[in-house]
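Shown next, in structure tokens, is the structure this report addresses.
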Amino acid sequence: MQLQRFGQVPFRCVGPLVNQKGPRISNVEIKEQPALPWDQIDTSKPLVFLSLGTVANSHFWTNKFGHQASSNGVQDLTGKEFIQLVFRTAFEAFEDEEVFVVMALGPKEDALEGLEKQPPQNFLLQKSVPQLEVLAKCQAFVTHGGANSMHEALGFGVPMAVVPIFGDQPSNAEAVAKAGCGVSFKEPLKTLSPQSLRAAVRQLIAPDSAFLASCAKLRKQMAQAGGAGKAAELVLAAGCAPSSKLGGA
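Throughout the sequence shown, residue numbering follows the working numbering, covering 1 to 249 in sequence.
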């Protein structure tokens, strides 16, 4: 897409501009960002992280996604309905699995309202989760597939189960699957079920998983591209080049 739109302009690819060491605000709607209680997490089991970003639990919480989500089949769902669909599916998928799930609820007080099923004992639910801190230690990531979340996961070599909503998320889900770095649940009303999610995560966390190898390869390629540091270097170099000065002086 970039080549089609901007192919006539010289450019250098530096990969994602991700700073894994910098501070993050997990959700701007949550005033206090509490520390994650690691003492409540069973570290003897594979750690699965579930977070669906911030778009569905903000403006769209009580509004339908509409035409922008029609190609992904979720145009008639509200943010709350979508999030609860994924939560409900995850509860059933993982309640009897030998995994521990850290789940980001988001800021809405009614996030679990009306769900028939209660969170299983192997789940830790938090309104806000320090994403980079958890990605550094988890074995699989259930995500909506936003660009930030996708690149941060790849930066840590974490395979993904991607349940997209709209925008770039469906194509991100397909790109992750094509790269061998995860499983796409594009058109989730057709593809997502407790059985399919359970099977996907089992594959992702398997010790001999091909997904892990693919993630490690892509992580290395991303690091070699240079990222934010390389981008800054190129900008400074362009700014100092003689041709960039007014009047060529």
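Backbone N, C-alpha and C define an ideal beta-carbon position, used for all residues, glycine too.
All values reported here derive from a predicted model rather than from experimental measurement.
If you reduce the DSSP assignment to three classes, tell me which class residue i lands in.
{"i": "Q121", "result": "coil"}
{"i": "S128", "result": "coil"}
{"i": "F211", "result": "helix"}
{"i": "S184", "result": "strand"}
{"i": "Q4", "result": "helix"}
{"i": "K190", "result": "helix"}
{"i": "V9", "result": "coil"}
{"i": "V14", "result": "coil"}
{"i": "K64", "result": "strand"}
{"i": "A161", "result": "strand"}
{"i": "L36", "result": "coil"}
Less than 7 Å separating the beta-carbons of residue i and residue j?
{"i": "D234", "j": "R12", "result": "It is worth fixing the name first, because residue 234 is Leu in this sequence and not Asp. Their beta carbons are under 7 Å apart, which means L234 touches R12 by this criterion."}
{"i": "A200", "j": "A161", "result": "yes"}
{"i": "N57", "j": "K108", "result": "yes"}
{"i": "G15", "j": "G167", "result": "no"}
Take residue i and list the residues in its own chain whose beta-carbon comes closer than 8 Å to its own, dropping the five residues that flank it on each side.
{"i": "V86", "result": "L50, L52, V142, V163, P188, L192"}
{"i": "F62", "result": "Note that residue 62 is Thr in the sequence shown here, rather than Phe. Excluding residues within five positions, the ones whose Cβ falls inside 8 Å are T78, G79, K80."}
Ordered along the chain, which non-local residues of its own chain (more than five positions away) have a Cβ less than 7 Å from that of residue i?
{"i": "L115", "result": "Q84, F87, R88"}
{"i": "K137", "result": "L47"}
{"i": "F65", "result": "V74, Q75, L77, I165, F166"}
{"i": "A147", "result": "D168, N172"}
In whole angstroms, give me the CA-to-CA distance for residue i and residue j.
{"i": "P10", "j": "A237", "result": "14 Å"}
{"i": "Q195", "j": "V129", "result": "26 Å"}
{"i": "S171", "j": "A140", "result": "20 Å"}
{"i": "F60", "j": "N72", "result": "16 Å"}
{"i": "P37", "j": "L135", "result": "15 Å"}
{"i": "Q169", "j": "F82", "result": "14 Å"}
{"i": "V274", "j": "G180", "result": "The requested residue 274 is not part of the displayed model; the chain covers only 1 to 249."}
{"i": "L197", "j": "Q8", "result": "42 Å"}
{"i": "F156", "j": "V101", "result": "18 Å"}
Going by DSSP, what residue range makes up the alpha helix (DSSP H) through residue i?
{"i": "T89", "result": "79-94"}
{"i": "A104", "result": "It is not in any alpha helix (DSSP H) - A104 instead sits in the beta strand (DSSP E) that spans 100-104."}
Say the cut is 6 Å; is the CB of residue i nearer than that to a heavy atom of the ligand PLP?
{"i": "R88", "result": "Of the ligands one can find in the structure shown there are none, so the ligand PLP has no counterpart to examine."}
Can you list, in chain order, the residues of its chain whose CB lies under 6 Å from that of residue i, leaving out five sequence neighbours each side?
{"i": "A173", "result": "G145, V162, P164, S184, K186"}
Please list the terminal residues of the continuous beta strand (DSSP E) segment that includes residue i.
{"i": "L50", "result": "47-51"}
{"i": "V55", "result": "It is not in any beta strand (DSSP E) - V55 carries neither H nor E in the DSSP assignment."}
{"i": "A140", "result": "140-143"}
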